[in-house]
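Worksheet: the structure to be examined is printed underneath.
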Amino acid sequence: MDHVDCIVAGAGVIGLAIAREMAQRGMDTLILEAEHAIGTGTSSRNSEVIHAGIYYPAGSLKARLCVAGREKLYRYCQERAVPHARCGKLIVATDAEQEPVLASILANASACGAGDLTPLTAAEARRLEPKLRCTAALLSPATGIIDSHALMLALLGDAEEHGAALSLNTRIVSGRIEGGRI
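Oh and the sequence shown: position 74 is 487 in the numbering used here, straight run, nothing missing.
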């Protein structure tokens, strides 16, 4: 490649998602990764949780993108056979003093558009997790888990399928702006 339209710095989840999008738009795309493999930086250290978007401030960009993005991510995982599970999570109050916090989380989730939380009594929560000790709980059914490395492989595959190229062990040492382009 003597000329490319787009250089993506880094082959983690974000870089690979950007490369996929650029390549699908018909841009000649080169992914440069300083390490010996994809996803060895921050992407290898994430929690592999698909967040429901319940904690971000209402109206914030993070809240809007998280709620919209989680459904797109679940769809993508389904289409590309990326291992994942919409397993949900319980947010618990272990004593009566913590119960107002659950009410606050529920109100914020509703305000963010992530209002699929279900309030549970202690008995209802124990039906889901018999060893759980709590006074109340919230069930977040939209929360899930994902195999982030499989996701990165799928994103890379999509990018390469549309002509992107990956160069491992390739550090970017400098850049300059010419005519409004780097």
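In this text, a Cβ means the ideal position worked out from N, Cα and C, and glycines have one as well.
None of these values were measured; they are calculated from a predicted model.
Bounding residues of the beta strand (DSSP E) (the contiguous stretch that carries residue i)
i    : result
I444 : T442 to L445
C419 : C419 to A422
N- and C-terminal bounds of the alpha helix (DSSP H) containing residue i
i    : result
L503 : Here L503 belongs to no alpha helix (DSSP H); instead the beta strand (DSSP E) covers K502 to A506.
V586 : Element bounds for V586: n/a, residue is neither H nor E.
V480 : L474 to R493
A550 : Taken as a continuous stretch (DSSP letters only), A550 belongs to no alpha helix (DSSP H), being part of the beta strand (DSSP E) at A549 to S553.
I558 : Careful: I558 lies outside any alpha helix (DSSP H), inside the beta strand (DSSP E) at G557 to I559.
A536 : A535 to L541
S523 : E512 to C525
When the options are compared against residue i, the one with the closest alpha-carbon
i    : options                   : result
L551 : A578, P543, V505 and E542 : V505
E446 : R546, I420 and Y468       : I420
V426 : T442, D441 and N459       : N459
G466 : N582, T455 and V480       : V480
V462 : A450, I559 and D418       : I559
A516 : S561, Y468 and S580       : Y468
K544 : G454, Y489 and T507       : T507
Q511 : E542, A549, G588 and L541 : A549
Burial state of residue i, where buried means 16 or more other Cβ atoms lie within 10 Å
i    : result
R483 : buried
S456 : buried
R433 : buried
N521 : buried
G452 : buried
S561 : buried
A509 : exposed
CB contact flag (residue i, residue j, <7 Å)
i    : j    : result
A563 : P513 : no
L519 : L533 : no
A538 : C547 : yes
R493 : A577 : no
L443 : M565 : no
D418 : D441 : yes
A422 : I590 : no
H449 : L579 : no
- Is the number of C-beta pairs between the region 426–444 and the region 567–577 that are closer than 8 Å three or more? yes
- Message: Closer than 8 Å is the cut-off here; do at least three beta carbon pairs connect the region 513–531 with the region 464–480?
- Response: yes
- Query: Would you call the region 499–519 and the region 552–567 touching, i.e. three or more CB-CB distances under 8 Å?
  - Reply: Taking one beta carbon from each stretch, the region 499–519 and the region 552–567 have 3 or more pairs nearer than 8 Å; the two touch.
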